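Visitor: In the UniProt record's numbering, the protein residues as written are 1 to 229.
Have a look at this one.
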């Protein structure tokens, strides 16, 4: 039977994490093509980073002709796809280039832009994204009702609900906006309370995670019994 990797897929185009299965023999180029609709850009404009089972960065995958297995990918690893055409700030150094600034109105009228690509995909999938300003305000309001020590239930997108305890509420260095740090009851998280070398709270590896306030409900959420999980 062909070897298949169960991988987690993330991208700078969305905060959602997806679980996908890919054959170990699939080439990096073919993987990029499969991720085009997810990232919202072409395979040629995509960079791929590999994280291990402990969510530690192993490096960037560049040889498109090699298979995932040959590139060191293993079951349970995370693939992070980055759009470098303008949607990703991590790989831009604006001090090194002369900038041509286009008005937001003019950019919206273009049909060949990344924004137009993403809008088309969202319309096809029936997704209506909230304006950034509205999303920020909703998260700020939701955060007011969340306190460290509260029991909570977290539901992100279509993922299964996870329970735990609030361990952090506030801004972070890894991304703008308000975030909630959760110490989960089970090893369903992504970290130990730290991200990129900065610690926000303490917990065991895989028991910590960060989510937006709107994805958190606080209240009487006791630990689930084995029969309920």
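Don't be surprised by glycine CBs; every beta carbon is placed ideally from N, CA and C.
As the structure is a prediction and not an experimental result, all values here were calculated from the model.
Relative to the alpha-carbon of residue 167, which residue among 154, 177, 52 and 150 has its alpha-carbon at the smallest distance?
Guide: In the chain shown, the residue the question calls residue 167 occupies position 167. Here the closest residue by C-alpha is 150.
Visitor: Just confirm the distance between the C-beta atoms of residue 170 and residue 182, as a whole number of angstroms; I'd bet it's less than 8 Å.
Guide: Residue mapping note: residue 170 aligns to position 170 of the chain shown, counting from 1. Residue mapping note: residue 182 aligns to position 182 of the chain shown, counting from 1. With a Cβ gap of about 13 Å, residue 170 and residue 182 do not count as contacting.
Visitor: Rounded to the nearest angstrom, what separates residue 128 and residue 27 at their Cα positions?
Guide: Reading the chain shown from its first residue, position 128 is the one you call residue 128. Reading the chain shown from its first residue, position 27 is the one you call residue 27. Low confidence applies here, because residue 128 scores a pLDDT of 44, under 50, leaving its location unreliable; read the following figure in that light. Whole-angstrom Cα-Cα distance: 33 Å.
Visitor: So what does DSSP say about residue 144, is it helix, strand or coil?
Guide: In the chain shown, counting from the first residue as 1, residue 144 sits at position 144. The answer is coil: DSSP assigns residue 144 none of H, G, I, E or B.
Visitor: Determine the contact status of residue 24 and residue 3, defining contact as a CB-CB distance below 8 Å.
Guide: Locating residue 24 in the chain shown gives position 24, where the first residue counts as 1. Locating residue 3 in the chain shown gives position 3, where the first residue counts as 1. For residue 24 and residue 3, yes; Cβs fall inside 8 Å.
Visitor: Would you check if the distance between the CB atom of residue 45 and the CB atom of residue 85 is smaller than 8 Å?
Guide: The residue labelled residue 45 in the question sits at position 45 within the chain shown. The residue labelled residue 85 in the question sits at position 85 within the chain shown. In this structure, residue 85 lies closer than 8 Å to residue 45 by Cβ.
Visitor: When the Cβ atoms of the region 48-60 are set against those of the region 76-85, are three or more pairs found closer than 8 Å?
Guide: These segments touch.
Visitor: With a threshold of 7 Å on Cβ separation, who are the neighbours of residue 200 within its own chain once the five nearest residues in sequence on each side are excluded?
Guide: As a first step, residue 200 is located in the chain shown; it is residue number 200 there, counting from the start. For residue 200, where only same-chain residues beyond five positions count, the Cβ hits under 7 Å are 168, 172, 181, 193 and 194.
Visitor: Since residue 53 and residue 72 are thought to touch, with beta carbons under 8 Å apart, how far apart are those beta carbons, to the nearest angstrom?
Guide: Position 53 of the chain shown, counting from 1, holds the residue named residue 53. Position 72 of the chain shown, counting from 1, holds the residue named residue 72. Contact doesn't hold; Cβ gap of about 12 Å is too wide.
Visitor: What is the residue span of the beta strand (DSSP E) that residue 7 lies within?
Guide: If you number the chain shown from 1, residue 7 lands on position 7. Unbroken beta strand (DSSP E) run through residue 7: 4-11.
Visitor: Just the C-alpha distance for residue 215 and residue 154, rounded to the nearest angstrom, thanks.
Guide: Walking along the chain shown from the start, residue 215 turns up at place 215. Walking along the chain shown from the start, residue 154 turns up at place 154. Between residue 215 and residue 154, the C-alpha separation is close to 6 Å.
Visitor: Please classify residue 213: is it buried, with 16 or more other beta-carbons within 10 angstroms of its beta-carbon, or exposed?
Guide: Stepping through the chain shown from its first residue, residue 213 is reached at position 213. So residue 213 counts as buried.
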